[in-house]
Amino acid sequence: MPRYIALMKLTEQGIKDIKNAPQRLEKAVAGMGALGGKLVDFYTVMGEYDYVAVAEFPNDEAGMTFLLTLGKLGNVRTTTLRAFDMQQFAELVKKIP
Numbered sequence: 103m104p105r106y107i108a109l110m111k112l113t114e115q116g117i118k119d120i121k122n123a124p125q126r127l128e129k130a131v132a133g134m135g136a137l138g139g140k141l142v143d144f145y146t147v148m149g150e151y152d153y154v155a156v157a158e159f160p161n162d163e164a165g166m167t168f169l170l171t172l173g174k175l176g177n178v179r180t181t182t183l184r185a186f187d188m189q190q191f192a193e194l195v196k197k198i199p
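Per the working numbering, residue 103 is the first one in the sequence shown, and the count goes up by one each step.
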């Protein structure tokens with residue numbers, strides 16, 4: 103499945119309600135599953151971003167649907183990257199004329 107990396111920053115609303123963040127994460131994981139996705143890894147980090155999540159979705163449409171739903175809740179703002187592993191990268195390079 104395609105893999106995505108989401109870099110997340112808490113909004114003012116998200117930080118005010120930080121005590122409920124673990125429950126929100128559980129709901130988010132369930133929402134991923136409903137779209138055929140799964141959470142591969144999740145980190146709380148220090149620096150420019152507050153969270154980093156690695157997730158897989160069956161396609162870009164499912165991933166985008168999840169991210170729009172997450173954004174609508176107003177607790178985090180995301181920057182999302184489509185990720186390619188080393189094997190996928192090698193296959194892409196083979197296609198270069």
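No residue lacks a Cβ here, since even glycine has one placed at the ideal position from N, Cα and C.
- Distance from the CA of Phe-144 to the CA of Tyr-106, rounded to the nearest whole angstrom, comes to 12 Å.
- Between Glu-158 and Val-142, the CB-CB gap stays under 8 Å.
- With fewer than 16 other Cβ atoms inside 10 Å of its own Cβ, Leu-194 counts as exposed.
- Nearest in C-alpha terms to Leu-169, of all of Gly-116, Thr-113, Pro-124, Met-134, is Met-134.
- Going by beta carbons, Met-110 and Tyr-153 fall inside the 8 Å limit.
- In this chain, the alpha helix (DSSP H) harbouring Glu-163 covers 162–175.
- Looking only at Gly-176, Thr-146, Gly-138, Met-166, the smallest Cα-Cα distance to Pro-160 is reached by Gly-138.
- When the beta-carbon positions are compared, Thr-181 and Leu-172 stay at least 8 Å from each other.
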